[in-house]
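Student: Dropping a structure here in structure tokens format, bear with me for questions.
Numbering (our numbering), first residue to last: 4 to 509.
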């Protein structure tokens with residue numbers, strides 16, 4: 004049987020998935036790695052740990068697929084990472100990930116200028132600390148020695164491909180998420196490079212999302228158990244591939260992902276101009292752009308609640324052999340929609356779309372003596388979804404109405420949470436049998452490279468969720484208050500953010 008592998012380099016883990024040609028999961032392997040917070044606002048990972056996770060998961064899946072005909076391996080990757088490397092390809096820094104806010108001041112200053120708007124309109128990447136552009140400006144100002152010594156500035160996927168093939172290449176999709184790439188001309192954008200203080204030679208060669216390499220390092224091939232040349236396809240970013248993998252590539256269809264962070268995206272034939280700079284425009288292929296917005300505060304907020312307030316569930320989960328998250332979600336489900344008038348602004352990591360404010364902060368609003376921990380948990384989940392709903396509103400204003408949402412990501416394992424999505428958005432939600440949409444999107448590109456015409460499948464047995472009018476009415480009332488809170492408190496959030504500079508990371 005012919006099979007294909009999709010590898011998804013995520014924020015907190017890498018997963019390799021073996022698929023049959025119709026998108027069914029045959030096997031998978033998963034490896035976590037930590038995020039380091041050496042200073043307030045810093046979020047980093049060890050590039051070698053991520054690279055080793057890629058090797059480990061690939062080796063396991065290839066071994067499980069032994070006896071099948073492996074036609075290729077494609078890659079999906081989280082966006083906005085940055086590593087400085089020397090002329091031998093050795094890291095001069097850790098991998099700085101999207102959640103890093105160290106360039107907050109640099110991003111704010113650039114966003115207020117005509118150059119900032121010009122760069123956004125040409126590159127499609129909002130001006131925010133998550134952007135590699137802003138990280139490079141920070142290095143120029145705070146680590147000039149690293150900035151000057153660096154031979155290349157690359158992402159984690161480029162690091163893996165360099166190890167595999169000794170070439171510095173970056174797919175158009177990841178390049179379009181750097182704030183440095185002209186998304187209409189498919190070249191590095193000179194004004195952005197000048198602002199970052201680098202030249203195009205310090206960046207990788209941009210290539211198609213269908214670009215393939217076959218000359219794998221023999222030692223790595225032997226370690227992985229690969230005995231013949233097969234295409235390693237560069238693939239694209241996880242966001243773009245989530246749309247492709249779910250089939251959300253036609254007007255009126257959106258893909259919504261909640262993992263560590265979250266995003267909602269549609270596919271369009273051209274970038275969408277948004278002078279309010281709320282949305283991103285990333286490349287999937289020529290004449291195929293993924294337009295949307297990402298929130299910083301997705302499942303990571305539920306993890307924060309579990310780690311700080313879910314001790315009982317963690318102990319009970321150990322005793323029962325179940326997941327603590329399942330127990331927490333069961334608790335939240337005992338509270339009616341609207342959390343009895345308790346609201347939560349989920350901006351614990353600052354926020355990206357639609358407000359793009361790294362100084363924003365979280366808030367419980369409406370707390371009374373009658374509210375319990377379960378109410379707070381319900382409000383947290385609703386607050387995450389309200390943040391996503393705000394992005395969807397901006398998206399519909401810019402690109403047109405959304406009729407159906409395809410749900411994927413870790414949250415999609417919970418029927419309760421997916422139903423909450425349908426109720427808040429008041430839209431039909433489709434959940435396919437396979438939620439590994441990023442890995443399947445990478446596999447689809449790989450099949451195309453292998454000469455096997457891929458069909459963008461929408462599972463006929465997919466489960467559908469329909470909104471509850473009663474629940475939506477409750478959410479509509481709460482959301483009308485929710486969307487007013489940030490504009491009212493923006494100044495105070497900036498003030499309190501400045502006071503938190505000495506908070507030590509856990």
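Note that beta-carbon positions come from the ideal geometry of N, C-alpha and C, so glycine has one too.
Taking contact to mean at least 3 C-beta pairs separated by less than 8 Å, is the region 327-345 in contact with the region 369-378?
Tutor: Output reads yes: the region 369-378 touches the region 327-345.
Student: Decide if the region 62-76 is in contact with the region 23-42; the criterion is three or more beta carbon pairs, one per stretch, under 8 Å apart.
Tutor: Flag = yes, the region 62-76 and the region 23-42 touch.
Student: Check residue 94 in the structure and name its three-state DSSP category.
Tutor: In this structure, residue 94 counts as strand in the three-state DSSP scheme.
Student: Measure the C-alpha to C-alpha separation of residue 17 and residue 54 and round it to an integer number of angstroms.
Tutor: Taking the straight line joining both Cα atoms gives about 9 Å.
Student: Buried or exposed for residue 69, please, with buried defined as at least 16 other CB atoms from any protein chain shown within 10 angstroms of its CB.
Tutor: With fewer than 16 other Cβ atoms within 10 Å, it is exposed.
Student: Leaving out five residues before and five after residue 272 in sequence, what residues of the same chain have Cβ atoms less than 8 Å from its Cβ?
Tutor: If we look at residue 272 and ignore the five residues flanking it on each side, its Cβ neighbours are 290, 291, 292.
Student: What three-state label does DSSP hand residue 459 in the structure shown?
Tutor: With a pLDDT of only 48 at residue 459, under the threshold of 50, the placement of this residue in the model should not be trusted, and no figure is reported.
Student: Would you check if the region 153-171 and the region 204-217 touch, i.e. whether three or more CB-CB distances between them fall below 8 Å?
Tutor: Yes: at least three Cβ pairs fall under 8 Å.
Student: Runs of 3 residues minimum, wholly inside the region 251-336: which ones carry the beta strand (DSSP E) assignment?
Tutor: Complete beta strand (DSSP E) runs here, min 3: 256-261, 265-271, 283-288, 291-298.
Student: Here's the rule: buried if 16 or more other CB atoms are within 10 angstroms of the residue's CB, otherwise exposed. What is residue 409?
Tutor: Its Cβ being crowded by 16 or more others within 10 Å, residue 409 is buried.
Student: Leaving out five residues before and five after residue 105 in sequence, what residues of the same chain have Cβ atoms less than 6 Å from its Cβ?
Tutor: So the list reads 44, 45, 141, once near-sequence residues are dropped.
Student: Should residue 506 be labelled buried (16 or more other beta-carbon atoms within 10 Å of its own) or exposed?
Tutor: Confidence at residue 506 is low in this model, with a pLDDT of 49, below 50, so its placement is unreliable and no value can be given for it.
Student: Taking the alpha-carbon of residue 481 as reference, which of 169, 402, 445, 346 has the nearest alpha-carbon?
Tutor: Considering only alpha carbons, the answer is 346.
Student: Per DSSP, residue 142 is paired with what?
Tutor: Answer by DSSP bridge pairing: none, since residue 142 is not bridged.
Student: Going residue by residue through the region 170-258, where are the continuous beta strand (DSSP E) segments of at least 3 residues, counting only ones entirely within it?
Tutor: Segments of the beta strand (DSSP E) lying fully in the region 170-258: 172-174, 208-210, 235-240.
Student: Would you list the one or two residues that DSSP bridges to residue 11?
Tutor: Answer by DSSP bridge pairing, in chain order: 18, 79.
Student: Quick one: measure Cβ to Cβ for residue 395 and residue 267, integer angstroms, because I've assumed they're closer than 8 Å.
Tutor: Sure, about 5 Å apart at Cβ, within 8 Å.
Student: Does DSSP classify residue 118 as helix, strand or coil?
Tutor: Correct three-state label for residue 118: helix.
Student: Jot down the residue ranges of each uninterrupted alpha helix (DSSP H) in the region 349-429, minimum 4 residues, whole runs only, in chain order.
Tutor: Whole alpha helix (DSSP H) segments, 4+ residues: 376-402, 418-428.
Student: For residue 69, name the three-state secondary structure that DSSP assigns.
Tutor: Three-state result, residue 69: coil.
Student: Sort 175, 486, 250 by Cα distance to residue 366 and report the nearest one.
Tutor: Of the candidates 175, 486, 250, the one whose C-alpha sits nearest the C-alpha of residue 366 is 486.
Student: Please go through the same chain and pick out, in chain order, the residues whose beta-carbon is closer than 6 Å to the beta-carbon of residue 492, but skip the five residues on each side of it.
Tutor: So no residue of the chain qualifies.
Student: Taking just the CA atoms, how far does residue 168 sit from residue 191?
Tutor: About 23 Å.
Student: State the DSSP-derived secondary structure class of residue 465, mapped to helix, strand or coil.
Tutor: Three-state result, residue 465: coil.
Student: Report yes if the C-beta distance between residue 13 and residue 445 is below 7 Å; otherwise report no.
Tutor: Going by C-beta atoms, residue 13 is not nearer than 7 Å to residue 445.
Student: Would you mind giving the Cβ-Cβ distance between residue 150 and residue 200, rounded to the nearest angstrom? I have them listed as a contact below 8 Å.
Tutor: That pair is a contact at about 7 Å.
Student: Taking the alpha helix (DSSP H) that residue 162 belongs to, which residues open and close that run?
Tutor: Unbroken alpha helix (DSSP H) run through residue 162: 159-168.
Student: Would DSSP call residue 133 helix, strand or coil?
Tutor: Three-state result, residue 133: coil.
Student: Counting Cβ pairs closer than 8 Å, one from the region 124-144 and one from the region 270-289, do we hit at least three?
Tutor: Yes: at least three Cβ pairs fall under 8 Å.
Student: Kindly indicate which residue of 418, 321, 328, 122 has the alpha-carbon position closest to the one of residue 306.
Tutor: Of the candidates 418, 321, 328, 122, the one whose C-alpha sits nearest the C-alpha of residue 306 is 328.
Student: Starting from residue 32 and walking both ways along the alpha helix (DSSP H), at which residues does that stretch end?
Tutor: Unbroken run through residue 32 is the beta strand (DSSP E), 28-35; no alpha helix (DSSP H).
Student: May I ask whether a heavy atom of the ligand PLP can be found less than 6 Å away from the beta carbon of residue 161?
Tutor: Summarising the ligand content, the structure contains no ligands, and the ligand PLP is consequently not present.
Student: Looking at the structure shown, is residue 47 part of a helix, part of a strand, or coil, going by DSSP?
Tutor: In this structure, residue 47 counts as strand in the three-state DSSP scheme.
Student: Got a sec? Which residues, its chain only, sit under 6 Å from residue 459 by beta carbon, not counting five neighbours each side?
Tutor: Unreliable placement is indicated for residue 459, whose pLDDT of 48 sits below 50; no coordinate value is reported for it.
Student: Do you know whose CA, among 428, 288, 398, 359, lies nearest residue 497's CA?
Tutor: Measuring from the Cα of residue 497, the nearest candidate turns out to be 359.
Student: Quick test of your reading: residue 73 and residue 247, contact by CB under 8 Å. State the CB separation rounded to the nearest angstrom.
Tutor: Rounded, the Cβ-Cβ distance is 21 Å, inconsistent with contact.
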